[in-house]
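Below is one structure; the comments refer to it alone.
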Amino acid sequence: MFSSSPYTCITCHVAFMNGELQRAHYKTDWHRYNLKRKVADLGPITANEFTEKVESIQQQQQRSEKNLDINNRTGLTCKDCGKAFTSENGLLNHIKSKKHVDTVAKNANLPTKNPNQYQKSPVNTSEEAPSNEENMEEDDDDDNWNDMDDGATMTNASAMEGETQVLGTPLRLEECLFCSLKSSNLEENLSHMAYTHSFFLPDFEYIKDLPSLMEYLDEKVGIFHVCLWCNKKSFHDVLSVQRHMTDKGHCKILFDENPNSAWEYVDFYDYSISHPDSNEKNLDEEIDENILDATGYELVLPSGKKVGHRTLVRYYRQSLTNRNNERSLELVNRLKDKYRALGWSGPGTTGEVFQRKVRDLKYMQQWKANQYMKLGVRNNMHQHHFRQQVNF
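Mapping of the sequence shown onto UniProt numbering: position 225 corresponds to residue 225, and the numbering continues sequentially without gaps.
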């Protein structure tokens, strides 16, 4: 019941004589407890009821501490987890649990032990007991090492070793990034990911090295267990990151949403084919002052083709560097029709957003090349040369 006093607490339904008592009441545990009950759509309790609840909780804690002391005297405790039990069956059930096995493997950084080695032991033991226990642990270690089946997954191996295995193995080009399906080749794998998981590579028409891009994605998922969309969130194993991407709808690459996200994929794209014969000048781009080739052995045309000197015709006829790119382009052209059948439309080459992205990626490629050149020049300056120390 509220009185005529202006200092009241609506949550606890109490009134105060002055403002100091009201402010002190707001700092009490009773007021905080009633606030939590108000959030849960429950009515407030009085100060006496709150005091009774606190006393009952304290009595339960005292009883649990007494039971823990009694259990420590009887020896029914788990030293790894720090838990005590009232019966031997409770201890055995706890030892067989997955939580206990993971705790033992994490603390010892060793393969999990056999649960049968934990037995009831009294508090007062002789000096010969540790040697017997060590022999038992060695025997259990020998029995616990079993050969894994061929169908065992990496998740089972990581579960046996606990959390010691941080890095995994890279996925193959034929393995799906989001499930355990294994196709016969890369083309079927990309078709499966497009039909089943709605996974489309961004700016697919401008990929210059598709196998290398997929190998990079396989390493991110297989070795580092990183989500392709979160791009920073790492998981314990491949199965966990695959479940995360399928459940959250993250079966896509973080490419256009973040300006810095496309940085790691610059080397796999070539946007120069979108405007090979463009004569329009862009003020934002750097001016190439080195128009003439001083060597006289090679000339690069605006379309990207290279014309070499006739004395080096035997080398230019080999065309060893373009075979992989030609195969990659053939694969891209075959998959392009399948992507369009699913409703995928290529990026527009006339839009302002696309042109801005092309300029940004080109600038990043130039900046990266300049950084590599500066690094090479700096390392050449630190090259050690032979210098005769004594002149006779």
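For every residue, glycine included, the Cβ atom is placed at its ideal position computed from N, Cα and C.
Compute the Euclidean distance between the alpha carbons of Y372 and L213, then round it to the nearest angstrom. 21 Å
Checking 9 Å against the spacing of the C-beta atoms, do C251 and L177 come in under that value? yes
Taking only the alpha-carbon atoms, compute the straight-line gap between E65 and T86 and give it to the nearest angstrom. 13 Å
Given this structure, state the Cα-to-Cα distance separating H225 from C179, to the nearest angstrom. The straight-line gap from Cα to Cα measures roughly 13 Å.
Applying the criterion that 16 or more other CB atoms from any shown protein chain within 10 Å of the CB defines a buried residue, is P6 buried or exposed? exposed
Does G348 come out as helix, strand or coil in the three-state DSSP assignment? Low per-residue confidence applies at G348: pLDDT is 48, beneath 50, and the placement is therefore not dependable enough to give any value.
E264 versus G249, L361, H192, L190, residue with shortest Cα-Cα distance: L361
One question on the structure: do V300 and K306 come within less than 9 Å of each other, judged by their Cβ atoms? yes
Boundaries of the alpha helix (DSSP H) in which A15 is found, first to last residue: That residue, A15, is in no alpha helix (DSSP H); its beta strand (DSSP E) goes 14-16.
Local conformation of A47 per DSSP, three classes: helix
Buried or exposed for G222, going by 16 or more other Cβ atoms inside 10 Å? buried
Tell me the DSSP bridge mates of G308? G308 is bridged by DSSP to E298.
Going by DSSP, what residue range makes up the alpha helix (DSSP H) through Y26? 19-26
CB-CB under 6 Å to F199, same chain, minus the five flanking residues each way: which ones, in chain order? M193, C251
Below 8 Å on the Cβ atoms is my contact criterion, and I expect I253 with L228 to pass it. Report the Cβ-Cβ distance as a whole number of Å. 5 Å
Could you check the C-alpha separation between L171 and V238 for me, to the nearest Å? 9 Å
For the candidate residues T311, D267, Y297, whose alpha-carbon lies nearest to that of Q366? D267
Check for me: the alpha helix (DSSP H) holding residue 393 runs from which residue to which? Absent from the structure is residue 393, since the part of the chain shown begins at 1 and ends at 392.
Between the Cα of G43 and the Cα atoms of R23, Q59, T11, T51, which residue gives the shortest distance? T11
Integer-rounded CB distance, given that W30 should sit under 8 Å from F16: Contact flag wrong, Cβ pair sits at about 13 Å.
Mark T57 as exposed unless 16 or more other C-beta atoms lie within 10 angstroms of its C-beta, in which case mark it buried. Just to set this straight, residue 57 is Ile in the shown sequence, not Thr. It is exposed - the Cβ of I57 has fewer than 16 other Cβ atoms within 10 Å.
With a threshold of 8 Å, establish whether the CB of H31 neighbours any heavy atom of the ligand PLP. Ligands displayed in this structure: none; no statement on the ligand PLP is therefore possible.
The beta strand (DSSP E) with T246 in it runs from where to where? No beta strand (DSSP E) holds T246; the alpha helix (DSSP H) holding it covers 238-248.
Can you tell me where the beta strand (DSSP E) holding Y7 begins and where it ends? Y7: member of the beta strand (DSSP E) spanning 7-9, first to last residue.
Note down the Cα distance separating R63 from H25, rounded to an integer number of angstroms. 31 Å
Report back the beta-carbon spacing between D218 and L186 to the nearest angstrom; my notes put them in contact at under 8 Å. The Cβ separation is near 11 Å, so there is no contact.
So H94 is in the alpha helix (DSSP H); what residue range does that whole segment cover? 88-95
I think L335 touches L190, with their Cβ atoms under 8 Å apart; what is that distance to the nearest whole Å? 6 Å
For S234, the nearest candidate out of Y271, G168, L35, N48 (CA to CA): G168
Can you name, in chain order, every residue of its own chain whose Cβ lies under 6 Å from the Cβ of Y297, other than the five neighbours on each side? Taking C-beta separations shorter than 6 Å and ignoring five residues to either side along the sequence, the partners of Y297 in its chain run H309, following chain order.
First and last residue of the uninterrupted alpha helix (DSSP H) at Y216: 210-222
Whole angstroms is fine: what's the gap from N370's alpha carbon to M364's? 10 Å
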